[in-house]
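Notes follow once the structure below has been shown.
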Amino acid sequence: MLRARALQLAQPDEAGSTEVTALNALEQLIDALRGLPGVGQKSAQRMAYHLLQHDREAALRLSTALAAAAERVQQCERCHSFSEARICALCEDATRDARLLCVVETPADQAAMERTGSYRGYYFVLQGRVSPLDGIGARELGVAQLLERAADGQVEEVILATSFTAEGEVTAHVLSETLKARGLRATRLARGVPVGSELEYVDLGTIAHALVDRR
Ligand SMILES: [Zn+2]
Numbered sequence: 001m002l003r004a005r006a007l008q009l010a011q012p013d014e015a016g017s018t019e020v021t022a023l024n025a026l027e028q029l030i031d032a033l034r035g036l037p038g039v040g041q042k043s044a045q046r047m048a049y050h051l052l053q054h055d056r057e058a059a060l061r062l063s064t065a066l067a068a069a070a071e072r073v074q075q076c077e078r079c080h081s082f083s084e085a086r087i088c089a090l091c092e093d094a095t096r097d098a099r100l101l102c103v104v105e106t107p108a109d110q111a112a113m114e115r116t117g118s119y120r121g122y123y124f125v126l127q128g129r130v131s132p133l134d135g136i137g138a139r140e141l142g143v144a145q146l147l148e149r150a151a152d153g154q155v156e157e158v159i160l161a162t163s164f165t166a167e168g169e170v171t172a173h174v175l176s177e178t179l180k181a182r183g184l185r186a187t188r189l190a191r192g193v194p195v196g197s198e199l200e201y202v203d204l205g206t207i208a209h210a211l212v213d214r215r
């Protein structure tokens, strides 16, 4: 039955192109899942089989949600975090402390910082970190926009909350030098965050302490 369906799908349509066969669609799904962080061939296969065997509804929901997010979610023009609006809700929130600007690598790190409940300033999300091997330097991370944002006349301190990995440290160093050269005050989250850590995986108490003890 499945075989007959696959053969049927493989027939050229009216436009003359060959439609994807059942086998190819499954391969494509596994391939797409395997592209996700931390997902290898086996997990990708397991997810695909699970969705197709047991949970077609979830598969369709996932597909709809993915398409909607990919279409609607962009970067906030001000902080570069994810947003459906031109300017995100956090940047629009006038009750935040405009004297503080916290630089993080990812929206996930921003979320971790928010969960500590001990930071009330604004953010700038790099959407990456300096990585010479991948051709990502300060320019690719939007350092020009960061400088412009930090020089708005209200920001008094830029807190560098990049990860405590080698690349995160290099990023903090480069940004710190650039900001200081423009006469802007840059501080770094204090040690105490384990070396090699991505901020999003550090416990909230540790981040809160590192924030208080920044220098
Ligand atoms: Zn924003």
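The sequence shown: position 173 = 173 (full-length UniProt numbering), numbered continuously.
Note that beta-carbon positions come from the ideal geometry of N, C-alpha and C, so glycine has one too.
How many angstroms separate the CA atom of residue i from the CA atom of residue j?
i           : j           : result
residue 162 : residue 118 : 17 Å
residue 130 : residue 92  : 28 Å
residue 144 : residue 78  : 12 Å
residue 1   : residue 55  : Note that residue 1 scores 39 on pLDDT, short of 50, meaning its location in the model is unreliable and no value can be drawn from it.
residue 185 : residue 85  : 30 Å
residue 100 : residue 152 : 11 Å
residue 256 : residue 35  : In the structure displayed, the chain extends from 1 to 215; residue 256 sits before or after that span and is not available.
residue 140 : residue 32  : 26 Å
residue 164 : residue 199 : 8 Å
residue 178 : residue 69  : 34 Å
residue 206 : residue 53  : 43 Å
residue 71  : residue 28  : 20 Å
residue 73  : residue 83  : 6 Å
residue 67  : residue 76  : 19 Å
residue 127 : residue 106 : 5 Å
residue 59  : residue 50  : 9 Å
residue 196 : residue 166 : 7 Å
residue 187 : residue 146 : 15 Å
residue 97  : residue 24  : 53 Å
residue 62  : residue 137 : 34 Å
residue 95  : residue 120 : 9 Å
residue 89  : residue 142 : 21 Å
residue 7   : residue 42  : Any answer about residue 7 is weak, because its pLDDT of 42 lies below 50 and its placement is not dependable; what the coordinates show is given next. Taking the straight line joining both Cα atoms gives about 27 Å.
residue 208 : residue 116 : 6 Å
residue 30  : residue 173 : 40 Å
residue 135 : residue 203 : 31 Å
residue 156 : residue 212 : 16 Å
residue 122 : residue 37  : 28 Å
What are the residues that DSSP puts in a beta bridge with residue i?
i           : result
residue 125 : 104
residue 187 : 159
residue 63  : Bridge partners of residue 63: none, in fact.
residue 41  : BP columns for residue 41 are empty, so no partner.
residue 213 : The partner list for residue 213 (beta bridge, DSSP) is empty, contrary to what the question assumes.
residue 136 : 131
Exposed or buried, which one is residue i when buried takes at least 16 other CB atoms within 10 Å?
i           : result
residue 154 : exposed
residue 109 : buried
residue 65  : exposed
residue 171 : buried
residue 87  : exposed
residue 201 : exposed
residue 194 : exposed
residue 4   : The pLDDT assigned to residue 4 is 43, lower than 50, so where the model puts this residue is not dependable; a value taken from the coordinates is nonetheless given after this. Exposed, since its Cβ has fewer than 16 Cβ neighbours within 10 Å.
residue 81  : buried
residue 181 : exposed
residue 112 : buried
residue 57  : exposed
residue 168 : buried
residue 150 : buried
residue 175 : buried
residue 48  : buried
residue 133 : exposed
I need the residues with a C-beta less than 5 Å from some heavy atom of ligand 1; please give them in chain order.
Spelled out in chain order, the answer is 76, 78, 79, 88, 91.
Inside the stretch 71-119 only - beta strand (DSSP E) runs reaching at least 3 residues
Segments of the beta strand (DSSP E) lying fully in the stretch 71-119: 97-104.
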